[in-house]
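S.K.:
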Amino acid sequence: MEEHKPHIVEYLTNIYVWIALAVLTVITIWVSEFDLKLLTVAVALGVASIKATLVLMYFMHLRFDSKILTFMVLITMIVFLSLIVFTFIDYSYRA
Amino acid sequence: MTNTLKHTDFYDNEGKPAWKAWLTTTDHKRIGLLYFYSLTVFFLVGVLLGLMMRFELISPGKDLVEAQTYNGLFTLHGVIMIFLFVIPGIPAVFGNLTLPLLLGARDVAFPKLNLLSWYLYIGGAVLALSTLLVGDGPPDTGWTFYAPYSVKTGTNVSMAVLAAFILGFSSILTGLNFLTTIHRMRCHGMTWFRMPLFAWALYATSWIQLLATPVVGITLLMIVVERWLGIGLFDPVLGGDPVLYQHLFWIYSHPAVYIMILPGMGVISEIIPTFSRRRIFGYKAIAYASLAIAFIGYFVWGHHMFTSGMSGPARIIFSILTFLVAIPSAIKVFNWLATMYNGSIDHKPPMLYALGFIFLFLVGGLSGLVVGALATDVHLHDTYFVVGHFHYVMFGGTGFAFFAALHYWFPKIFGKMYNLKHATRAFWLLFTGFNILYFPMLVVGIMGMPRRYYDYLPQFQVPNVISTIGSWITTAGLIYMIVVIVKGIRHGEKASSNPWNGLTLDWQTDSPPTKENFDAIPTVTERPYEYK
Ligand code: HEM
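Chain order of the listed sequences is A and B.
Just add 1288 to the spot in the first sequence (first one is 1) and you have our numbering.
Just add 150 to the spot in the second sequence (first one is 1) and you have our numbering.
#1: What does S461 of chain B reach in chain A if we use C-beta pairs closer than 8 angstroms?
#2: Could you please give me the residues that DSSP links to D159 of chain B through a beta bridge?
#3: Starting from the N-terminal side, write out each stretch of the alpha helix (DSSP H) that is 4 residues or longer and does not extend beyond the region 309-392 of chain B.
#4: May I ask you to report which of helix, strand or coil DSSP gives G682 of chain B?
#5: Residues of the region 1361-1373 of chain A in Cβ contact with chain B at a cutoff of 9 angstroms, in chain order, please.
#6: If you follow the alpha helix (DSSP H) that R465 of chain B is in, where does it begin and where does it stop?
#7: Is D544 of chain B a contact residue of ligand 1, with contact defined as CB to any heavy atom under 7 angstroms?
#8: To the nearest angstrom, report how far apart E680 of chain B and R429 of chain B are at their CA atoms.
#9: Hey, does W1306 of chain A have any beta-carbon neighbour from chain B nearer than 8 angstroms?
#10: What is the rounded straight-line gap between the Cα of I230 of chain B and the Cα of I409 of chain B?
#11: Just to make sure I have the definition right: I need the residues of chain A whose C-beta is within less than 8 angstroms of the C-beta of H397 of chain B. Which are they?
#12: Classify F511 of chain B as buried or exposed, calling it buried when 16 or more other Cβ atoms lie within 10 Å of its own Cβ.
#13: Please specify which runs of the beta strand (DSSP E), each continuous and at least 3 residues long, are wholly inside the region 396-446 of chain B, giving them in chain order.
#14: Does any residue of chain A have a CB that is nearer than 8 angstroms to the CB of L155 of chain B?
#15: Using three-state DSSP, classify T624 of chain B as helix, strand or coil.
#16: Give the DSSP bridge partners of M1345 of chain A, in chain order.
#17: What's the C-alpha gap between G285 of chain B and S494 of chain B?
#18: Does any C-beta atom of chain A lie closer than 8 angstroms to the C-beta of F343 of chain B?
#19: Note down, one range per segment and in chain order, each alpha helix (DSSP H) of at least 4 residues found wholly within the region 199-274 of chain B.
#20: On the three-state DSSP scale, how would you describe K166 of chain B?
#21: Within 10 Å of its beta-carbon, does T675 of chain B have 16 or more other beta-carbons around it, so buried, or fewer, so exposed?
#22: Helix, strand or coil for P289 of chain B per DSSP?
#23: Verify the CB distance criterion: does A464 of chain B have a CB-CB separation below 8 angstroms to chain A?
#24: Under the DSSP definition of a beta bridge, which residues are partnered with E643 of chain B?
#25: In chain A, which residues lie less than 8 angstroms from I467 of chain B when you measure between Cβ atoms?
#26: Got a sec, what are the start and stop residues for the alpha helix (DSSP H) I1307 of chain A sits in?
#27: Nearest chain A C-beta to F449 of chain B closer than 8 angstroms, yes or no?
#28: Would you say I401 of chain B reaches chain A, if we count a Cβ-Cβ gap shorter than 8 angstroms as a contact?
#29: Does ligand 1 have even one heavy atom less than 7 angstroms from the beta-carbon of F553 of chain B?
#30: Rounded to whole angstroms, what is the Cα-Cα separation between K179 of chain B and I563 of chain B?
#31: Near A626 of chain B, what residues of its chain come up, given a Cβ to Cβ distance below 8 angstroms and the 5 sequence neighbours on each side ignored?
#32: Ordered along the chain, which non-local residues of its own chain (more than five positions away) have a Cβ less than 7 angstroms from that of G211 of chain B?
#33: Can you name the residues that DSSP bridges to T533 of chain B?
#34: Which word fits P167 of chain B, buried or exposed, when buried means at least 16 other C-beta atoms lie within 10 angstroms of its C-beta?
#35: Would you kindly report the start and end of the unbroken alpha helix (DSSP H) that includes V301 of chain B?
#36: Residues of the region 344-369 of chain B with a CB closer than 7 angstroms to any CB of chain A: list them in chain order, please.
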């Protein structure tokens, strides 16, 4: 089995990511003031996804680990998204 | 890991009392056997309930049980067979018994987690069976627990649903364990494309266990929340949507049928080349077909809901996707046939069960296309055609693959050999009984007999009588098989380490294997089925 080499992320990087997360949170709150109609949920989920991606990549070290792990997370996300989309194909076309 | 290996087989208790050595074991082979014995018990309980149903259906009107008892019978029969037998089935028993052997590893990646999975399984099973004894009677919803009925019925649904929830965790942990084992524990030289096909099948299955099971967990909890707190999720009276329940339920339960069948296909892919003395035809195609089935299998759940009031476009899309899954399944069947072509086929019991699997799975798969097509399903939905279809795939497919695996790895696990002549006869009895039991169900379904009733119109009697007689022959076959196996375990002749002349790593170690499987971790230099 290959040796596990711990990767140390610099403090500064962590702080940048933290600031980015805070800014994105502010954006989520700010956007909720506007009535975006159909897009409301999409925008909220979009921003949340960016935040989740940052957490996964930097705080959970996906970026520094083997590519296969990123691939697995991607597959999981694709499956999850498709499940939602297919369910809504039913709901959006109900008579 | 110790480097000094003792030369005792894995049955040695090393001075501990037997009960302690078994109940605290972390050896994958022992855990596999724990699963094997517990699964067998639940399977037999399920068969008994099935026999009772068939007896009730021997003539119209009441014969054996009341209507409400019958509702409990088919629900428990379904819950036991699905959650306690076919879903854990091959991965929990034969995956545990052989995966590390096939990969040239000493154990699975997380041995303690493996034992925990078994305890969760037993906990869930005890809870499921106790619905029989406590509260207001066994659940009567069918194994699908459809809302809003499951939210309203006075029977013991909450407990059965919690049982399924716990069993789900057992399944998730097994999946996680196998995924990690396959990624991390392959021996030297065992590249992905030198892995035996059973390992590939378990790999695809594990992904489904890991990604789909949580969905059913949360769905079942939603039922409990609705029953206990009255929150309107599925009941229209409370503002819920019953079709949402069906979506959530089948988002898991359809991929779950691939949890049942993929490992079975993996077993067949091991047996066919060994007993045909041929290199497997289209190794990569079979491996990729497993992944394709697992992937496409996520997106076909809607075909259970064609008549539930789903929108038109959704029905059409789900029907098309359903037909797509047939492609990788057919690829496997053609590859097995092509492997046998020109081979020197040896009709030993494992091979007979494998051939039985191909035949029965073909009937099950093709009848599946009939209900997968939108127009025909409107006529056949909720009839006995569906009951016939899923018994062909689950019992004829997964069940027969389970028996195939049992007869194939028996000498490896027990170090002995069963009586080949009697095992062959038991196969033929079982195979014949099976078709007499289930083929009439396909026919009577097309005639229009609905499922889940204890009574039927007089014109359906002839096929029902034939089917009930079939259930007796099937049971006789099962008993015969069990006797042969038990006799083999107790008095069988000693088996050599490689009685079938297999080439995969499981056959290159002792029978029964030592505690740590291999004296030295092997090195692999070629593909698994290079029969010359
Ligand atoms: C001798 C063996 C068996 C017999 C006689 C038998 C008989 C039956 C019958 C008559 C029904 C239909 C009940 C109805 O709709 O009114 C049924 C349902 C069912 N069977 Fe079996 N069966 C047997 C083995 C199995 C096996 C091995 C499995 C799974 C691997 C299985 C899974 C199911 C399931 C899931 C249902 C549906 C229950 C429901 O409607 O909720 N059965 N069985």
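Here a beta-carbon is modelled for each residue, glycine too, at the ideal position from N, C-alpha and C.
Quantities reported herein were computed from a predicted structural model and do not represent experimental measurements.
M.R.: With the given structure in hand:
#1: I1377, D1378, Y1379, S1380, Y1381, R1382 and A1383
#2: B:T664
#3: 347-379
#4: Here residue 682 of chain B is Lys; the residue named in the question, Gly, does not match the sequence. Looking at K682 of chain B - three-state DSSP - the assignment turns out to be coil, as it is neither helix nor strand.
#5: I1363, T1364, V1367, F1368, S1370 and L1371
#6: G462 to M490
#7: For the record, residue 544 of chain B in the displayed sequence is Met; it is not Asp. It does: the Cβ of M544 of chain B is within 7 angstroms (strictly closer) of some heavy atom of ligand 1.
#8: 5 angstroms
#9: no
#10: 16 angstroms
#11: T1375 and D1378
#12: buried
#13: none
#14: Confidence at L155 of chain B is low in this model, with a pLDDT of 46, below 50, so the placement of that residue should be treated as unreliable; the coordinate-derived value is given next. No - not a single Cβ of chain A is within 8 angstroms of the one on L155 of chain B.
#15: helix
#16: M1345 of chain A pairs with nothing; no bridge assigned.
#17: 58 angstroms
#18: no
#19: 217-229 and 246-253
#20: coil
#21: exposed
#22: coil
#23: yes
#24: B:M567
#25: F1374 and I1377
#26: Y1299 to V1319
#27: yes
#28: yes
#29: no
#30: 8 angstroms
#31: L579 and G583
#32: D605
#33: B:P600
#34: exposed
#35: Y299 to K302
#36: L361
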